[in-house]
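Asker: Quick one: this structure, given as structure tokens, is what I'll be asking you about.
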Amino acid sequence: MTQPIGTDYKVADVSLAAFGRKEIQLAEHEMPGLMSIREEYADAQPLSGARITGSLHMTVQTAVLIETLTSLGAEVRWASCNIFSTQDHAAAAVAVGPEGTPENPSGVPVFAWKGETLPEYWWCTRQALLWPEADGGHTGPNMILDDGGDATMLVHRGASYEKAGVVPNPDTADSEEFEVFLTLLTESLAEDSQRWTNIAAGIKGVTEETTTGVLRLYELAKTGDLLFPAINVNDSVTKSKFDNLYGCRHSLIDGINRATDVMIGGKVAVVFGYGDVGKGCAESLRGQGARVIVTEIDPICALQAAMEGYQVSTLEDVVETADIFITSTGNKDIIMAADMARMKQGAIVGNIGHFDNEIDIAGLPRGGAERIKVKPQVDEWVFPDGHSIIVLSEGRLLNLGNATGHPSFVMSNSFSNQTIAQIELFTKNDEYKKQVYVLSKQLDEKVARMHLDALGVKLTTLTKEQAAYIGVDVAGPYKSDHYRY
Amino acid sequence: MGTAEESLSDQGLLRLVWAQRAMPALAQISERFERTRPLAGLRIVAALHVTAETANLMLVLRAGGADLHLAAANPLSTQDDVVAVLAHRYGIDVQARRGADRATYDQHLERALATGPHLVLDDGCDLVGRLHTTHLDLLPAVRGGCEQTTTGVLRLRAMSAESALRFPVVAVNDSGIQQSFANRHGTGQSTVDAILRSTNVLLAGRTVVVAGFGNCGKGVADRARGLGASVIVTEVDPTRALEAAMAGFQVLPMCDAAAEGDVFVTVTGSRGVLAERHFAVMKDNAILANSGHFDLEIDVAWLRAHCVDVHPEIRPHVDEYLLAGGRRLLVLAEGRLVNLAAAEGHPPAVMDVSYAGQALCVEWLAANAGTLAPGVYDVPTEIDDGLAMLQLDAMGVRIDTLDTAQEAYLTSWRNGG
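Line by line, the protein sequences are chains A and B.
Numbering follows the numbering used here, in which position 235 of the first sequence is assigned residue number 1255; successive positions increment by one, without gaps.
Numbering follows the numbering used here, in which position 221 of the second sequence is assigned residue number 224; successive positions increment by one, without gaps.
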């Protein structure tokens, strides 16, 4: 690191670093994609000069990503993108760094701990975006690595309000979180009327991890408001068809089990939304012996669910009889407080979609329900009539809140895409306009290839004749861009 | 000797050899029997379905040294070309002809019995019944028997309870591996096969209602789910209902399921499982099939009596019943065993397990009958294990063996660790 970090980080407990380091080493073994990228680019140092601000769940796997970025020459500052998803030992290990000690940390400035308040969360995001300079001032990152788009949104909204010269009154916000967000920007505007405008101007691009963030980016691009190029990492095949599907298949039931230890076999589980995440959730619940009911608004996904043998129904039809409710829509207002009031005693409600607006937690106390904390991230809500339900992680991502998120191997796929996308945007910045891009099929295939050896997969090679017959190169890419896998 | 034309013999041989391909366990037993001749000097009378699979069993028993006499357990299941090849090529006494009338069928059984058996192989308790009523003179020579079906075993247990049974009989049907192979896998596969062959319906995305979650029901439910159907199970037994629920199937009373199903399969062994009150709420074009033993599970008689019109055989094995109000119900195979009527029943691989069990039980009886009191016996555990081992060998599956220390650990109550 070129700058002394001193107290330029904030984690729960820096003494957890040794434990975190052990877990990082275990994870490295399960992340062959990232490790082979480190090897491939060890000499080239393609991210030399990159100042990357990351806003992404501060887990053990993310630690391996962060240290991959630094090993390619980047400087990095980090915040988590969720108040509950930080693994404190991972955050401590990243702050301390592989060479540092808790007394003398030499790692990456990280601002994340499990159980942040909303003001703390946005403070952390801001800290990750503000790069201190020797003169006491600060500059910004030249790259963003985002998950859900919060860092990108802070820069965009900040710049936009600075242009307007005013931030909307926080009292007019439609959610508690937005109120906190506007308050932060109001203060920021008072401190420096050009802060986010300047930072935005220095940013070469953003690579976005997830569906929700990608949606925001496409909206910005559509209205011409996108301030820098973006790579949609989510829609790499080796991301969305792996992380979203296999990752959630693994971590959904892990979260439910750790939170409740409820017998899943024999229960009726409702999965809201049958996209990649919903597909993984439905499969894992069925695999445990639950009877799974799917709700959908999209006729194609609904038909897919039906053809897999799932009952497709509506919330209205199943709300009073099902045992487990999991939202995975990426939309808002999926399960409202009035719905939860109708659920049966002991029903379990959780969300695995990116944001906490799928389940109307705020409506519960308004409707007179009382919260009893069972244990961290597990709440019993007692309704005025005396019956109660269990809500996991306050409606936030339960696989991260109640368990440890996706396993390393899956995240190795996602994060290899992230790293390659960072290299692409940073080293070939001239080739990208203020639009949203996906990685080429070649790079997608490269990520997959990096993970085959670890699984003992033996790939067959096309002969020249076979390659010519289907009109592809022997080395790929093997599918047209519109192929759906 | 024999009752079929010699000209059918070549065709019968092809059929016999085709079945042999899928009966590796029987082949292994045959090799051993040829060396050890465990049935030398024994006269065996068998009343079984005279099919290619049965013919292979006969050849195994003959390899073991037995003097064999075979009669048909059902005149409709006899394959005349198999009779011909057994009689004319292998010189085995077969009393059977397809479509024989009742008198001829009786005569066939009587002729076989008259040879004076030491052991009997029964499929439905025909031989044992005759020996204990009209052929008491032959009883003293009989050392034991094997029974192939559930129905026969029920009758034998009733006889045994009244102390009427005079020799030991092995309930081959009740062996664990037989139940699993024949019911779960045999009926499971062939029932789905029959529904597909007769209707060509796409099961993915449809709701299949399986009545009964015994071995047959489990097999059908698993396969329907495997093809993408949403499966509803109906049960009367709380244990099985719980098994179904824990396996992730929806469990409903039939009155509720009736309105949901696109395809109904009854495998309960009971009667009146699908009846008027269910027909009343079924969807237009619902498909109704039975794979239970008798044709009483679907109340086809009610449909015949009360439908507005019936269009028989709109496809082979599919009868369309038009109900008042315009709905149509499609009944497969007249409500009889759909897997036998519209498909081919148990595949030879299933009969391999069944008949390998028969062969090993016959060997066991030949060695032990003298020491056994009259009564119904379960298949000895070592034979059940042996049957499984023969299948594993044939499939190329290898397993571990306990070492002596492990065996001691598992059998000693003193050994704590």
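The C-beta atom is built at its ideal place from N, Cα and C for all residues, glycine as well.
For clarity, every value in this text was computed on a predicted model and none was experimentally measured.
Please identify the residue among A:1177, A:1127, A:1248 and A:1397 whose C-alpha is closest to the C-alpha of residue 1213 of chain A.
Answerer: Comparing Cα positions, the closest option is A:1177.
Asker: By the criterion of Cβ-Cβ separation under 7 Å, what are the contact partners of residue 361 of chain B in chain A?
Answerer: By Cβ distance, chain A contributes nothing, its closest Cβ being about 37 Å from residue 361 of chain B, past 7 Å.
Asker: Going by beta carbon distance, what residues of the same chain come within less than 6 Å of residue 1050 of chain A, once the five residues before and after it are set aside?
Answerer: Cβ neighbours of residue 1050 of chain A beyond the five flanking positions: 1428 and 1429.
Asker: With a threshold of 7 Å (Cβ to nearest heavy atom), would residue 1284 of chain A be considered close to the ligand ZN?
Answerer: Summarising the ligand content, the structure contains no ligands, and the ligand ZN is consequently not present.
Asker: Using a Cβ-Cβ distance under 8 Å, would residue 151 of chain B count as near chain A?
Answerer: For residue 151 of chain B, the answer is no, since every Cβ of chain A falls outside 8 Å of its Cβ.
Asker: What's the C-alpha gap between residue 1284 of chain A and residue 1344 of chain A?
Answerer: About 9 Å.
Asker: Is there a Cβ of chain A sitting closer than 8 Å to that of residue 249 of chain B, yes or no?
Answerer: Chain A, which has a Cβ nearer than 8 Å to the Cβ of residue 249 of chain B, makes this yes.
Asker: Go ahead and label residue 1500 of chain A buried or exposed: buried means 16 or more other beta carbons lie within 10 angstroms of its beta carbon, across all protein chains shown.
Answerer: Residue 1500 of chain A comes out exposed.
Asker: Chain B beta carbons: is any one of them nearer than 8 Å to that of residue 1294 of chain A?
Answerer: False, the Cβ-Cβ gap to chain B never drops below 8 Å.
Asker: CB residue 1295 of chain A to CB residue 1321 of chain A, shorter than 8 Å?
Answerer: Taking 8 Å as the Cβ cut-off, residue 1295 of chain A and residue 1321 of chain A qualify as a contacting pair.
Asker: Tell me which residue opens and which closes the beta strand (DSSP E) that residue 98 of chain B is part of.
Answerer: Run containing residue 98 of chain B: 96 to 98, per the beta strand (DSSP E) assignment.
Asker: CB residue 1316 of chain A to CB residue 1351 of chain A, shorter than 8 Å?
Answerer: No, they are not a contact pair.
Asker: Rounded to a whole number of angstroms, what is the C-alpha to C-alpha distance between residue 1498 of chain A and residue 1135 of chain A?
Answerer: Going by the C-alpha atoms only, they are around 45 Å apart.
Asker: Name the residue from B:325, B:290, B:297 and B:291 whose alpha carbon lies nearest to the alpha carbon of residue 307 of chain B.
Answerer: Of B:325, B:290, B:297 and B:291, the residue nearest in Cα terms is B:325.
Asker: Using a Cβ-Cβ distance cut-off of 8 Å, determine whether residue 243 of chain B contacts chain A.
Answerer: With 8 Å as the cut-off, residue 243 of chain B does not count as an interface residue toward chain A.
Asker: Quick check on residue 253 of chain B - is its C-beta less than 8 Å from some C-beta in chain A?
Answerer: Yes - at least one Cβ of chain A is within 8 Å of the one on residue 253 of chain B.
Asker: Under the DSSP definition of a beta bridge, which residues are partnered with residue 1506 of chain A?
Answerer: In the structure displayed, chain A extends from 1021 to 1505; residue 1506 of chain A sits before or after that span and is not available.
Asker: Could you check which residue in B:217, B:269 and B:316 has the C-alpha nearest to that of residue 295 of chain B?
Answerer: Of the listed residues, the one whose Cα sits closest to residue 295 of chain B is B:269.
Asker: On a Cα-Cα basis, can you pick out the residue from B:329, B:143 and B:134 that is closest to residue 282 of chain B?
Answerer: Considering only alpha carbons, the answer is B:329.
Asker: Could you compute how far the alpha carbon of residue 253 of chain B sits from the alpha carbon of residue 186 of chain B?
Answerer: Approximately 22 Å between the Cα atoms of the pair.
Asker: Per DSSP, residue 253 of chain B forms a beta bridge with which residues?
Answerer: Residue 253 of chain B is bridged to B:235.
Asker: Return no unless some Cβ of chain A is closer than 8 Å to the Cβ of residue 80 of chain B.
Answerer: No - not a single Cβ of chain A is within 8 Å of the one on residue 80 of chain B.
Asker: Strictly under 8 Å for the Cβ-Cβ distance: is residue 231 of chain B near chain A by that measure?
Answerer: Taking Cβ atoms only, chain A reaches closer than 8 Å to residue 231 of chain B, which makes this a yes.
Asker: Look at the alpha carbon of residue 1306 of chain A and the alpha carbon of residue 1312 of chain A, and state the distance between them as a whole number of angstroms.
Answerer: Residue 1306 of chain A and residue 1312 of chain A: Cα-Cα distance of roughly 6 Å.
Asker: Go ahead and label residue 20 of chain B buried or exposed: buried means 16 or more other beta carbons lie within 10 angstroms of its beta carbon, across all protein chains shown.
Answerer: Classification of residue 20 of chain B: exposed, given that the 10 Å Cβ count is below 16.
Asker: Report the neighbours of residue 228 of chain B on chain A: residues whose CB is nearer than 8 Å to its CB, in chain order.
Answerer: The contacting residues are 1329.
Asker: State yes or no: is the beta carbon of residue 185 of chain B nearer than 8 Å to at least one beta carbon in chain A?
Answerer: Closer than 8 Å: no.
Asker: If you scan the region 1033 to 1117 of chain A from start to end, which runs of the beta strand (DSSP E) of 3 or more residues do you find wholly inside it?
Answerer: Taking only runs of at least 3 residues, the beta strand (DSSP E) segments lying wholly in the region 1033 to 1117 of chain A are 1071 to 1075 and 1095 to 1099.
Asker: For residue 362 of chain B, which of B:377, B:374, B:387 and B:339 has the nearest alpha-carbon?
Answerer: Measuring from the Cα of residue 362 of chain B, the nearest candidate turns out to be B:387.
Asker: At what residues does the alpha helix (DSSP H) containing residue 218 of chain B begin and finish?
Answerer: Taken as a continuous stretch (DSSP letters only), the alpha helix (DSSP H) holding residue 218 of chain B covers 218 to 229.
Asker: Which same chain residues end up closer than 8 Å to residue 210 of chain B when comparing Cβ atoms and leaving out the 5 residues on each side of it in sequence?
Answerer: Same-chain partners within the cutoff: 232, 233, 234, 235, 263, 264, 265 and 266.
Asker: Quick one: which residues of the region 1319 to 1343 of chain A get their C-beta closer than 8 Å to a C-beta of chain B? List them in chain order.
Answerer: Taking 8 Å as the Cβ-Cβ cut-off against chain B, the residues of the region 1319 to 1343 of chain A that qualify are 1323, 1326, 1327, 1328, 1329, 1330 and 1331.
Asker: Would a C-beta distance cut-off of 8 Å place residue 1446 of chain A and residue 1070 of chain A closer than the cut-off?
Answerer: Cβ distance < 8 Å, so residue 1446 of chain A and residue 1070 of chain A count as in contact.
Asker: Kindly indicate if chain A contains any beta-carbon less than 8 Å away from that of residue 214 of chain B.
Answerer: Not closer than 8 Å to any Cβ of chain A, the Cβ of residue 214 of chain B fails to qualify, so no.
Asker: For chain A, find out if any of its Cβ atoms is closer than 8 Å to the Cβ of residue 207 of chain B; answer yes or no.
Answerer: So yes, residue 207 of chain B belongs to the interface.
Asker: Measure the Cβ-Cβ separation of residue 277 of chain B and residue 335 of chain B and say whether it is below 8 Å.
Answerer: In this structure, residue 335 of chain B does not lie closer than 8 Å to residue 277 of chain B by Cβ.
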